[in-house]
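K.L.:
The structure follows.
Residue numbers (UniProt numbering): 1 to 721.
Okay, here's the thing in structure tokens:
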């Protein structure tokens, strides 16, 4: 039976990344045979952020077994209550509840906290259908920061059955108290590869201008678009484009000022925008274009459907994305990926480039142009190069496609399959988690049955004996006696195998050791420390690592370095996922300050937050690399000794860097943890090494550690004891 999903969120004609994600998600799920019921308030979106229907949404394939059904709230006569607000949460929750009951939806998916996740939470509580939440950058980075809203969002998140997290927010959810088993990492955003491609034909701008003449809404907001549409677009003239929302932090005005420089130099170009914003922002943008004298060769197009964006990109010589100083650090727009996928030359701000996972593949002037929008002369010079050398710019765009866009096309096809598998899998997982009985004693007895082989055998032979230590009613005992023994064995085995799969994903190198040995120890752990259906995931993963580390150290059949492998993987997992106050969502907009402070003799160096020191007996990095590359460990030199490692967490990320240091540098780091001034560190290090005149060498090492963000430096004097 195909899954029926209730999707509560933004949808066309709302503009933006969340709406776009929901549109394409519904499309690929329907292609996979899932029936998607979209519950949205999209028809009520204000003109500022409304897409006009230049073309219709692409039809589903003729043989498609799934479907997309849109249920949208409507603008109606104002309801008379004071103070007035459009009751979106109530309308969406009520509509979703009716949709779920009428169409027998099995799962709810919501995207964005307000109003969609709140409405999903209500609909779930009224229908009993499990719900999940996916967040964006602005809801966590802005809405969640409101003291008036935060409690509601916290309760909604805690009550969710699953949450789609990101590396930037994963530890934040753990810090909030959400179990790790509820956090998911499905595939990334989907872009239809047959549309976002260099082969897409360019947008017929003049056809759009003609259509605007007849179809622009009468709302006064659109007058500015009419004003700029009264001329013919020349496709053969080099064209600089931007699309998205207008704003200071979007670099919109930086670009206009840079183009004004080219205008004064007599350079011919066209400026094409597919952009909107608040009425005041749009008015200011248009007036700035007119004031700097480029209005005669500028065209402002209103928001068009996302499936038109590839054609817009292909109509431009280069497309700029110049966001800078954005107040929400975790905000990571996907517009650069769209441009790379279309093979058009791109001008990208350093701030956005550095947020991209493919940042190290970006090369200024080879496959992209990287600029600081604050520096208008630099931006103008880059635009001049593009306009005066359109053929070279075209080649740079195609190289961007080869280096970044083509890979993303492959990833987006994997994303399609990932999302199509995700919802059936999460539904099955939730159903397993919900197979819990509310009565505490009965639940405890069941948990024992599921996880303890000996107790399960006792129950099979003498069920009444197994009841002896549980305060069960006669009705509960009868229910337990009626359990199908084969199903019980099946569920117990399934739970054990699932647990082993979790362990293997966290301790992959440990499980690459001798199979019989690891299986024996896993079985022992599972018997000594049986899993419980409601057990917290994180401490159990750590407990398994500690158990394996100690058992492998004592087991004569295990190689001497085996316990070190379990120790390394346990620490790697712990330092990646263990939360601190820095992970709280209330701190998510705080950018860590890595300002380089001059190191003086009275400076006090300390290890920065997120930096951890550990010591190993064997060359653990070489061992891990060998196991990862399936190299026989006998082929590498494994000598016991003293190996010092530093684990370093990146802010707003699950990336954990690992450094290997020599013993002398590790000694320095140990002193840094004791809050000694530099002068004392130099003295103690010289004593330790039985050497003199090491001041310059030690200062150089400390400066390098500071540059790598391993230590921070304070020039305050230490307080008196």
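The beta-carbon is built from N, C-alpha and C at its ideal position, and this holds for glycine as well.
Given a cut-off of 8 angstroms, decide if residue 604 and residue 706 are closer than it, judged by their beta-carbon atoms.
P.N.:
For residue 706 and residue 604, no; Cβs fall outside 8 angstroms.
K.L.:
For residue 45 and residue 13, which I take to be in contact (beta-carbon distance under 8 angstroms), what is that distance rounded to the nearest angstrom?
P.N.:
6 angstroms
K.L.:
Do residue 268 and residue 419 have their C-beta atoms within less than 8 angstroms of each other?
P.N.:
Not in contact: residue 268 and residue 419 (Cβ atoms no closer than 8 angstroms).
K.L.:
Where residue 466 and residue 459 are concerned, what is the direct C-alpha to C-alpha distance, given to the nearest angstrom?
P.N.:
Each residue's CA atom was taken as its position, placing residue 466 and residue 459 some 6 angstroms apart.
K.L.:
If you draw a straight line from the alpha carbon of residue 658 to that of residue 645, how long is it in whole angstroms?
P.N.:
7 angstroms
K.L.:
Ignore the nearest five residues each way along the sequence and tell me which others in residue 377's own chain have a CB closer than 6 angstroms to its CB.
P.N.:
none
K.L.:
To which residues of the same chain is residue 126 closer than 8 angstroms at the C-beta, ignoring the five residues directly before and after it?
P.N.:
93 and 97
K.L.:
Around the Cβ of residue 139, are there at least 16 other Cβ atoms within 10 angstroms (buried) or fewer (exposed)?
P.N.:
Here residue 139 is buried, its C-beta having at least 16 other C-beta atoms within 10 Å.
K.L.:
Any idea what DSSP makes of residue 111, helix, strand or coil?
P.N.:
strand
K.L.:
Determine the direct distance from the alpha carbon of residue 656 to that of residue 564, and round the result to whole angstroms.
P.N.:
18 angstroms
K.L.:
Where does residue 437 fall in DSSP's three states?
P.N.:
Low per-residue confidence applies at residue 437: pLDDT is 42, beneath 50, and the placement is therefore not dependable, though the value from the model is reported in the following sentence. Residue 437: coil per DSSP, three-state reduction.
K.L.:
Since residue 305 and residue 53 should fall inside the 8 angstroms C-beta cutoff, what is the C-beta to C-beta distance between them, to a whole number of angstroms?
P.N.:
7 angstroms
K.L.:
Can you list, in chain order, the residues of its chain with a C-beta nearer than 7 angstroms to that of residue 190? Leave out the 5 residues immediately preceding and following it.
P.N.:
Hits under 7 angstroms: 24, 25, 28, 412, 415, 416 and 419.
K.L.:
Rounded to whole angstroms, what is the Cα-Cα separation between residue 221 and residue 308?
P.N.:
22 angstroms
K.L.:
When the Cα atoms are used, what is the spatial distance from residue 119 to residue 60?
P.N.:
28 angstroms
K.L.:
Suppose you measure from the CA of residue 250 to the CA of residue 398; what does that come to, to the nearest Å?
P.N.:
25 angstroms
K.L.:
To test your reading of the DSSP string, which unbroken beta strand (DSSP E) runs of 3 or more residues are found completely within the segment 35–105?
P.N.:
35–40 and 67–72
K.L.:
From the DSSP output, read off the bridge partner residues of residue 133.
P.N.:
Answer is 110 and 163, bridged to residue 133.
K.L.:
Just to confirm the assignment, what range does the alpha helix (DSSP H) spanning residue 653 have?
P.N.:
Per DSSP, residue 653 belongs to no alpha helix (DSSP H) and is neither H nor E.
K.L.:
Between residue 318 and residue 535, what straight-line distance do the alpha-carbon atoms span, to the nearest angstrom?
P.N.:
54 angstroms
K.L.:
What does a CB cutoff of less than 7 angstroms around residue 170 pick up in its chain, not counting 5 residues either side in sequence?
P.N.:
183 and 654
K.L.:
Buried or exposed, going by whether 16 or more other CB atoms sit within 10 Å of the CB of residue 1?
P.N.:
exposed
K.L.:
With respect to the alpha helix (DSSP H) encompassing residue 382, which residues constitute its N-terminal and C-terminal limits?
P.N.:
376–388
K.L.:
Alpha helix (DSSP H) containing residue 261: first to last residue?
P.N.:
252–264
K.L.:
Evaluate residue 510 with the Cβ neighbour count: other Cβ atoms within 10 Å of its Cβ, from every protein chain shown; 16 or more gives buried, anything less gives exposed.
P.N.:
buried
K.L.:
Take residue 64 as the anchor and find which of 75, 86 and 32 has the nearest alpha-carbon.
P.N.:
32
K.L.:
Would you tell me roughly how many angstroms separate the C-alpha atoms of residue 314 and residue 38, rounded to the nearest one?
P.N.:
31 angstroms
K.L.:
Please state the DSSP three-state secondary structure of residue 494.
P.N.:
helix
K.L.:
What residues are listed by DSSP as bridge partners for residue 328?
P.N.:
According to DSSP, residue 328 bridges with nothing at all.
K.L.:
Between the Cα of residue 652 and those of 583, 631, 625 and 240, spot the shortest distance and give me the residue it belongs to.
P.N.:
Closest by alpha carbon: 583.
K.L.:
List the residues that DSSP assigns as beta-bridge partners of residue 657.
P.N.:
648
K.L.:
Threshold first: 3 residues or longer. Then list the beta strand (DSSP E) segments lying entirely within the segment 216–300, N to C.
P.N.:
239–245 and 270–276
K.L.:
Here's the rule I'm using: 16 or more other beta-carbon atoms within 10 Å means buried, otherwise exposed. How should residue 567 be labelled?
P.N.:
buried
K.L.:
For the segment 389–405 against the segment 350–367, are there 3 or more C-beta pairs whose distance is under 8 angstroms?
P.N.:
With the cut-off at 8 angstroms, the segment 389–405 and the segment 350–367 touch.
K.L.:
Give the DSSP-derived three-state secondary structure of residue 713 in the structure shown.
P.N.:
Strand at residue 713.
K.L.:
Return helix, strand or coil for residue 578, following the three-state DSSP convention.
P.N.:
In the structure shown, residue 578 sits in coil (DSSP, three-state: anything other than H, G, I, E or B).
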